[in-house]
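Some notes on the structure that comes next.
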Amino acid sequence: MNYTIKERSWKKIILTQGEKELGSLDYIGWSSAKCEINLHNGEKFSIDPKSFWKSSFELKQNGKTLLEYAMNFGGTFAFKSSVNDPDVAFTMKSKGFWGKSYVILDKKGDQMAQIMLGYSWKTFKSQYDIQTVPAFDALPLRDVLVLSMVHGIRYFTAMAAAAV
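Under numbering that gives the first Met the number 0, the first residue of the sequence shown is numbered 0, with each subsequent residue one higher.
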């Protein structure tokens with residue numbers, strides 16, 4: 000399937016499939032680490048930094064941790080789910096030198112999805128195009144997983160820009 004994520008503002012990002020809005024990623028305050036995911040079916044999730052250095056995060060729903068992910072050196076992220084099957088794990092890594100595209104790999108190394116970044120200098124807003132395989136689409140909470148991955152990319156990009 001193909002998804003698109005567009006920035007409405009620096010604090011609100013919308014996930015769409017075709018013309019249909021599936022959910023949003025809403026940043027809280029000035030922090031680029033803490034945010035909420037609101038799906039259009041009414042479900043709400045929160046993403047909170049787990050560590051002092053804000054390099055690992057937890058996705059929670061009603062206080063229950065559903066997903067944990069951590070940023071490793073070089074912009075690689077390790078995702079581990081607690082939903083249904085605790086063995087569900089993914090790695091997201093940059094594909095290429097400039098970080099314009101990311102691939103999501105399962106434990107066997109098979110590609111599950113690809114996220115391509117775009118930026119409009121006219122509107123000063125980013126867009127993310129996501130292509131997934133059927134195995135990824137069958138996952139529970141796949142929309143939440145996509146938004147969590149984009150949260151990780153945005154956080155890594157912000158940290159990399161601050162280091163320059």
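We treat Cβ as the ideally placed atom computed from N, Cα and C, and that holds for glycine.
Between the CA atoms of residue j and residue i - distance to the nearest angstrom
i, j, result
"Y118", "I4", "12 Å"
"I12", "E67", "21 Å"
"W29", "N1", "30 Å"
"H150", "S125", "13 Å"
"N40", "I46", "18 Å"
"A69", "S8", "25 Å"
"L140", "E42", "10 Å"
"C34", "L24", "7 Å"
"F123", "I27", "21 Å"
Short Cβ contact (8 Å threshold) for residue i with residue j
i, j, result
"K198", "F44", "In the structure as shown, the chain begins at 0 and stops at 163. Residue 198 is therefore absent and cannot be evaluated."
"D136", "L38", "no"
"I152", "Y101", "yes"
"L14", "L146", "yes"
"K92", "L116", "no"
Nearest candidate by alpha-carbon position, reference residue i, set the options
i, options, result
"A159", "T75, Q16 and V145", "T75"
"G95", "K33, I114 and L21", "I114"
"M148", "N61, E18 and F56", "F56"
"K10", "E18, A32 and S80", "A32"
"F155", "G17, G22 and N71", "N71"
Proximal residues to residue i (C-beta, below 7 Å), its chain only, five neighbours per side dropped
i, result
"F89", "F78, I103, L104, D105 and M111"
Close beta carbons around residue i, own chain, < 8 Å, minus the five adjacent residues each side
i, result
"E20", "I13, L14 and H39"
Q: Would you check if there are 3 or more beta carbon pairs closer than 8 Å linking the segment 121-132 to the segment 32-52?
A: As far as the Cβ criterion goes, the segment 121-132 does not touch the segment 32-52, which means the pair count is below three.
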